[in-house]
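Read the structure below first, then the notes.
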Amino acid sequence: MRLCCLLLAFAGTLTAAFELPADPQHPFLPVHNPHQSTGSAGLKLEDKRLWLRQAAFNGGEEQYEKPGKPLRNLQVQHPPIVPVGGRKCTFELLKHDFANSYYQPAIVDYVSPSSEECGFLTEDSASIVLNLTVTSNGTQFDRLASLSLAHVEIWRTSTAEPIKNGIIWTHEKDVTRFAPLFAKPCRLIFELNNIVNEHYTGTFSTTLSVTFYAPTADSPRPRSADLILPLTTLSKTGSQMLVYPGDANVHVEIPVNTAEAWLEVVATGAAEEEFYYTNLLDRGKKYLPDAGLIGKGPYREVQVRIDGLLAGIIYPFPVMYTGGANPLLWRPLASLRAFDIPSVFVDVTPYLPLLCDGKQHRFGFSVLGQGKDGSVNDNWFITGALHVVLDKTEPPVRTTGRLLLHQIPPSPLIFSGIFPSIDNSTLKTVVKAAREVKVVSRVVTGSGSRLVRASTVASFGNEQYYADNGTFQHVVQDIQVAQTSEDLSLHRYTYRDVYSFPLDLTTNYTLFESDHRFAAWVDDYGYDRARMLPEALGGVVGRATLTRSSQRGEAEITARKGRRSTGWGEMSETYEFVGARGETYKEEIRAVNASIVSRKRSGSLASRVDFEVDGRPG
């Protein structure tokens, strides 16, 4: 609220966008080299990325000190919270090699295991955990992947980047809240678009399994939605991800006796939107015409509309992936959430008086950027999973009510500024934004009347600094969001999600005639989130889960003409987790030149895992 007021006051004295001839002080200003060649600065993005990956690949053997063994990659996380001492059963879901796999996902028919196979009814499971193991070798980009069950996306992930000796990684994901999907026969689709040719040689060999855990006295079966509706393409043989810009609308009919509805959204940028948080304001491109920089600014918000009415806003986590900034940063530690891209919920309950009429309604997704008319580049991949909780009154009673308050401006309050130096040799850009959303409804079900409120308060800041014709870039960004849903009739919160995503990233191309050098520094990259899920989706009333992770590191690659490329990298991460029932886990880990040199684990969950000390397979 205070930030919003400050921005309003600031906007009253300044125009919304301006340019001032300033010479901002910057602590990371590189020393300019008069012999530096800028001819490569205008390389196409794809050419830069290919050169960087080939250099990292060719220099990987020197960085990796144990040739002949695959490098084990990992994303730091707490072990899944599952019952201790109870029964469990594990089944392989698919095994597939993704080579030339564009538009060719792996598809299998899923059938829920019987009680004879598992020893208990899997629909009564206390926990459901997926395990994905992937191996690869060769030169390859990091690739986005998506796993869907019954056309509902349940896991958005990405790959590590291979080296000559090969790589392997395993990641687990708790999917208990998707239990209704695992209870019935349906189609499982795993999409991993990959290309293999003379340049890109890495095939991703994947194995996916699921483990069901029987309930115990200490770990009973949690609540879940009565049904989960897919807001996806619904393709039987292709991708489930909607693409924006493009038609990202889905028509769906909601049961007339719905009592709660929670829309879980996953959204990631790709191509020119993959690193959108580094994109330059369009007005700044004239100062760096030969740098090949991507425009339309760094601000992004995903908007959800219902029958054209703006119903919710989400801010995606800025995933850096394992090829972001400099690939040697992420060996073997993956960038934050690269293997488990986080989702965000939008409370649809206030809109139930408009939706529970037995008719189909249009849910649409869009992304607001800073191009002309708020446009963005190509492209964004978006899906939604609508978790529906039914009123239990018999016979069913249609949900009614009234939308009492709807305060969602079509766009946020945005301030953007451009500050070139007097001689145009350096450029600084600033983007600030603020959002406040509030929706109140009277929802009447067969069980009674409730007054519900959903609100969001958000602030965004992004500063960028450019030098050396755009080959040097420093980005500092922070997103702070607080989402709250309340049952005002009972005076209690039903959902809380408070998060902060700081990012401090510096990249520097040094382009000489005889060699190219690329360095990157991550001074702060964070995922700080406290979330209390609705009780109907397995949450604990009044108790949130807390996840805090932060990375710092640096890396450099040098490619010399006629010689083998070399490189080095180091990364440190601190990870902390507190569960809704008091479970704790903390890990501090540091990697240097693809080797884990230190690793400390503590907390009540630490004894449930047995990580290998050096991060490699035995």
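Mind the numbering: the sequence shown is residues -17 to -1, 1 to 601 in mature numbering (1 follows the signal peptide of the UniProt record, and there is no 0), read in order.
C-beta: ideal position from N, C-alpha, C; glycine also.
Within the segment 259 to 305, the runs of beta strand (DSSP E) at least 3 residues long that lie entirely inside it are, in chain order, 284 to 289, 292 to 297. Of the residues assessed, Gln390 falls on the exposed side of the cut-off, its CB having fewer than 16 other CB atoms within 10 angstroms.
The alpha-carbon separation between Pro168 and Ser131 amounts to approximately 13 Å. Shown here for Ile237: same chain residues with a beta carbon closer than 8 Å to its own, the five before and five after excluded, namely Leu212, Ala244, Leu335, Leu338, Cys339, His344, Leu369, Val371 in chain order. At the C-beta level, Leu588 and His154 stay beyond 7 Å of one another.
A buried status is given to Pro315, since no fewer than 16 other beta-carbon atoms sit within 10 Å of its beta-carbon. Counting the other Cβ atoms within 10 Å of the Cβ of Asp451 gives 16 or more, which makes it buried.
For the pair of segments examined, the segment 316 to 327 was found to touch the segment 291 to 305: the number of CB pairs separated by less than 8 Å reaches three. The continuous beta strand (DSSP E) containing Leu54 extends over residues 54 to 56.
When DSSP states are grouped into helix, strand and coil, Glu106 belongs to the helix group. Counting other Cβ atoms within 10 Å of its Cβ, Gly384 reaches 16 or more and is therefore classed as buried. In the same chain as Glu247, and ignoring 5 residues on each side of it, the C-beta atoms closer than 6 Å to its own belong to Ser326, Phe328, Ala368, in chain order. DSSP lists Ile365 as the bridge partner or partners of Ala250. Residue pairing by DSSP places Cys169 opposite Tyr93 in a beta bridge. One alpha carbon belongs to Asp506, the other to Tyr298, and they sit about 22 Å apart. DSSP, read as helix, strand or coil, puts Ala197 in coil. Residue Asp125 holds the alpha-carbon nearest to the alpha-carbon of Tyr183 among Ile296, Asp125, Thr105.
Here Arg591 carries a helix assignment [DSSP, helix/strand/coil].
Comparing alpha carbon positions, the residue from Asn148, Val523, Arg535 closest to Ala317 is Arg535. Ranked by Cα distance from Gly306, the first of Asp92, Leu292, Ala254, Gln286 is Ala254.
The DSSP-derived three-state label of Phe484 is coil.
In the displayed model, Cys101 falls within a helix according to three-state DSSP. Boundaries of the beta strand (DSSP E) harbouring Leu434: 431 to 450, taken from the DSSP string. Contact check for Ala128 against Leu175 passes: the beta carbons are separated by less than 7 Å.
In this structure, Lys411 lies near Phe402, with their beta-carbon atoms less than 7 Å apart.
Looking at Asn309, Leu319, Asp356, Asp290, the one whose alpha-carbon comes closest to that of Val331 is Asp290. With 16 or more other CB atoms across the displayed protein chains lying within 10 angstroms of its CB, Thr477 is buried.
In the assembly as shown, Gly565 is an exposed residue. Its beta-carbon has fewer than 16 other beta-carbons within 10 Å. Note that the C-beta distance between Thr439 and Gln460 is not below 7 Å. The C-alpha of Thr189 is placed about 28 Å away from the C-alpha of Glu553. Assigned with DSSP and collapsed to three states, Phe560 falls in strand. Counting along the chain, Pro336 sits inside the alpha helix (DSSP H) bounded by residues 335 to 338. The three-state reading of DSSP puts Thr383 in strand, counting E and B together. Glu556 has its alpha-carbon roughly 10 Å from the corresponding atom of Gln58. For Glu136 and Thr366, the gap between their C-alpha atoms comes out near 7 Å. Under the three-state reduction of DSSP, Gly453 is assigned to helix.
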